[in-house]
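Below you'll find the structure, written out as structure tokens, and then a few comments.
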Amino acid sequence: MQDKIDQIRTLPVAAQALFIGGAWRQPVEGATMDVVSPIDGNRLTTIASGTALDVDLAVRAARAAFEKGTWSRAAPAERKKVLLRIAELIEKNALELAVLGVRDNGTEISMALKAEPGSAAGTFRYYAEAVDKVYGEIAPTPQNVLGLVHREPVGVVAAIVPWNFPMMIGAWKIAPALAAGNSVVVKPAEVASLTLLRLAELCAEAGLPEGVLNVVTGSGSVAGEAIGLHGDIDVLAFTGSGPVGRRLLEYSARSNLKRVYLELGGKSPNIVFADAPDLGQVAKVSAYGIFRNSGQVCVAGSRLLVERSIHAEVAEKVAAIAAGMKVGDPLQVTTEAGAISSEAQLRKNLGYAERALGEGASLRTGGQRILQETGGFYMQPTVFDVDPGMTLAREEVFGPILSIIPFDTEDEALRIANATEYGLASAVWTSNLSRAHRMVRGVKAGVVHVNTYGGADNTVPLGGVKQSGNGHDKSLHALEKYVDLKTAWIQL
């Protein structure tokens, strides 16, 4: 496989236009943005810098396609066939897509293959199979009335997708929206747009009608704002930061009150009790739970809460794993942690490490930029001992930095775990089944893993509570975001 990767990585990447109405279009104002590869800091290609004018063209194309009905009124079996074909084409081009994504955002190739094309294909296949298995309802009405509940596509769905896993998270939004019969406008993150542009091409090849999927690249402050304020978008699904999520809610209020679904990250607690079944496995999985994709994962287990009697042992094991991880060229299959997505994100991560030291946190390993001679953006996996009130224990870093915090009792563990504004993911390690159930109920998070970290598939929802957002991606529940309920009350 390494030989094939090495061949693909040298291929030039053409300048990218916008994909609107089934065709490649140059942006109205002609502006472009450089794509800088985090692997070496070199310019990889350019993408179009879309504006409100381009967003409007994409929304108009999406609305026209929806009203035409070729997709929105297609038989479920027809939509299923196209979605399955999309999944097949993603799998057929998986290595190309994975390498392209790694060159764009720096994820290690071993992770990218599984989490990007691998996951995206599975998501399209899941919702393809769900298309003809979602039913309407008959209400329990009096005998002289027939009450029907129909599920209808909302119309035009916009998806704003982050840079850490653009294909995976993009598919979580695009696939169910398409399965429900909607048209979609996607805005990828400006630092990781290439795989979603290629996905649009594959969707067209699979037979998705013109205008049903459109991709507009550009900055969040311009193209993203235009999407938020557009009056003909019915639903907006977003994954990203809290401040941007709040802004999108404001834009909805200022425009057409479009429904806005938000997944806004987290500060996820990974809680280890003294009766955890295997501390070596705990350390290994916990390290993977924070350092995969260099910590740029919304559900990353960035706070490791350890019962005091085993705190020293677990902390030493995790720090040793972190110190021994192979960080470097993400297109080498043996690399365990790749590049930070951008120089700005690297500076932010290093800033958090410096602030932690200034607040009195104890550094066990890491904390420095490395491989600077490559021109790329790399940081050592970093482990700190911190107090619960420190900045590093409360704020989302989105980088390879782990905070370890001791606790003495179950109640204290819950207090520390819940003492953040976030509530996305979490984990509990224990051999006590009753305690596991108590903790599942007590931790304020959308996901609680027990004796593992990061496991999930398309059958279960992913979403958060508190300031981690609203609504859910994945599972049949995600379809509800992209349909309207219509009641028919028929007098007999």
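Numbering (my numbering), first residue to last: 114 to 605.
The beta-carbon is built from N, C-alpha and C at its ideal position, and this holds for glycine as well.
No experiment lies behind these values; they were computed from the predicted model shown.
Taking the continuous beta strand (DSSP E) assigned at residue i, which residues delimit it?
i      : result
Lys227 : Unbroken run through Lys227: none, as it is neither H nor E.
Leu377 : First-last for Leu377: undefined, no H or E at that position.
Ala474 : Here Ala474 belongs to no beta strand (DSSP E), and DSSP marks it neither H nor E.
Phe179 : Premise fails: Phe179 lies in the alpha helix (DSSP H), Ala165 to Lys181, not in any beta strand (DSSP E).
Met280 : Taken as a continuous stretch (DSSP letters only), Met280 belongs to no beta strand (DSSP E), being part of the alpha helix (DSSP H) at Pro279 to Ala292.
Leu605 : Leu605 -> no beta strand (DSSP E), and no H or E assigned at all.
Arg264 : Val258 to Pro266
Lys594 : Where Lys594 is concerned, there is no enclosing beta strand (DSSP E), given that its DSSP letter is neither H nor E.
Val541 : Ala540 to Trp542
Phe608 : A query on residue 608 cannot be resolved here, the shown segment of the chain reaching from 114 to 605 and no further.
Phe351 : Val348 to Thr352
Can you find the residues in the same chain that come closer than 7 Å, C-beta to C-beta, to residue i, ignoring five residues on each side of it along the sequence?
i      : result
Ala144 : Ser162
Arg55  : A question about residue 55 goes unanswered here, because the residues of the chain that appear run from 114 up to 605.
Ala317 : Gly135
Lys439 : Thr447, Thr448 and Glu449
Ala413 : Ser381, Gly402 and Ile403
Ala549 : Val541, Thr543 and Val563
Ala396 : Val427, Lys430, Val431 and Ile434
Asp388 : Thr543, Ser544 and Asn545
Val596 : Arg264, Glu265, Pro266, Val267 and Ala293
Taking 7 Å as the cut-off, decide whether the C-beta atoms of residue i and residue j are in contact.
i      : j      : result
Gln268 : Phe351 : It is Gly, not Gln, that sits at residue 268 in the sequence shown. Against a cut-off of 7 Å, the Cβ pair of Phe351 and Gly268 comes out as no contact.
Val262 : Leu598 : yes
Ala607 : Gly536 : Absent from the structure is residue 607, since the part of the chain shown begins at 114 and ends at 605.
Val172 : Asp442 : no
Ala233 : Met281 : yes
Val499 : Arg477 : no
Thr236 : Ala288 : yes
Pro253 : Ala293 : no
Ser539 : Val563 : no
Gly219 : Ser454 : yes
Ser306 : Ile518 : no
Ile199 : Leu444 : no
Asn383 : Ser365 : no
Gly378 : Gly154 : no
Lys587 : Trp285 : yes
Ala612 : Ala302 : Nothing in the structure corresponds to residue 612, since the chain is present only between 114 and 605.
Gly214 : Ala207 : no
Gly337 : Gln580 : no
Met492 : Asn531 : no
Gly480 : Ala457 : no
Val148 : Leu157 : yes
Leu392 : Val373 : no
Gly584 : Gly577 : no
What is the C-beta distance between residue i and residue j, in whole angstroms, given that I count them as a contact (C-beta under 8 Å)?
i      : j      : result
Ser544 : Pro390 : 5 Å
Val270 : Val297 : 5 Å
Val258 : Trp602 : 7 Å
Leu375 : Gly582 : 4 Å
Pro494 : Ala435 : 4 Å
Val274 : Leu309 : 7 Å
Met503 : Ala526 : That pair is no contact at about 17 Å.
Lys300 : Gly331 : 7 Å
Glu204 : Pro230 : 7 Å
If you follow the alpha helix (DSSP H) that residue i is in, where does it begin and where does it stop?
i      : result
Asn327 : From DSSP, Asn327 is part of no alpha helix (DSSP H) but of the beta strand (DSSP E) over Leu326 to Val328.
Gln493 : Element bounds for Gln493: n/a, residue is neither H nor E.
Leu342 : Glu338 to Leu342
Glu534 : Unbroken run through Glu534: none, as it is neither H nor E.
Glu420 : Counting along the chain, Glu420 falls outside any alpha helix (DSSP H), though it belongs to the beta strand (DSSP E) covering Arg416 to Glu420.
Ala366 : Gly355 to Arg367
Leu505 : Thr504 to Arg507
Ala561 : In the sequence as presented, Ala is not what sits at residue 561; that position holds Val. No alpha helix (DSSP H) holds Val561; DSSP gives it neither H nor E.
Ile403 : Leu392 to Phe404
Met552 : Leu546 to Gly555
Leu189 : Residue identity differs from the one stated: residue 189 is Pro in this sequence, not Leu. From DSSP, the alpha helix (DSSP H) with Pro189 extends over Pro189 to Lys205.
Lys300 : No alpha helix (DSSP H) holds Lys300; the beta strand (DSSP E) holding it covers Ser296 to Lys300.
Phe237 : Ser232 to Ala243
For residue i, collect the residues of the same chain with a Cβ closer than 6 Å to its Cβ; drop the 5 residues on either side in sequence, then sort them by chain order.
i      : result
Gly567 : Gly402
Asp217 : Ala305 and Leu307
Ala319 : Val195, Arg198, Ile199 and Leu202
Met552 : Val541
Gly341 : Leu361 and Tyr364
Val561 : Ser539 and Val553
Gly353 : Pro275
Residues in its own chain within less than 8 Å of residue i by CB, not counting five upstream and five downstream?
i      : result
Arg192 : Trp184, Ala241, Val244, Leu291, Ala292 and Gly294
Glu314 : Phe132
Leu589 : Ala243 and Val247
Arg421 : Pro519, Phe520 and Asp521
Thr119 : Contrary to the premise, residue 119 reads as Asp rather than Thr in this sequence. Only Leu444 meet the Cβ criterion.
Using a Cβ-Cβ distance cut-off of 7 Å, determine whether residue i contacts chain D.
i      : result
Gly577 : Any reference to chain D falls outside this structure, which holds one protein chain only.
On the three-pair Cβ rule with 8 Å, is the region 441-451 touching the region 397-412?
yes
Pair every Cβ in the region 562-578 with every Cβ in the region 326-340, then say whether three or more of these pairs are closer than 8 Å.
no
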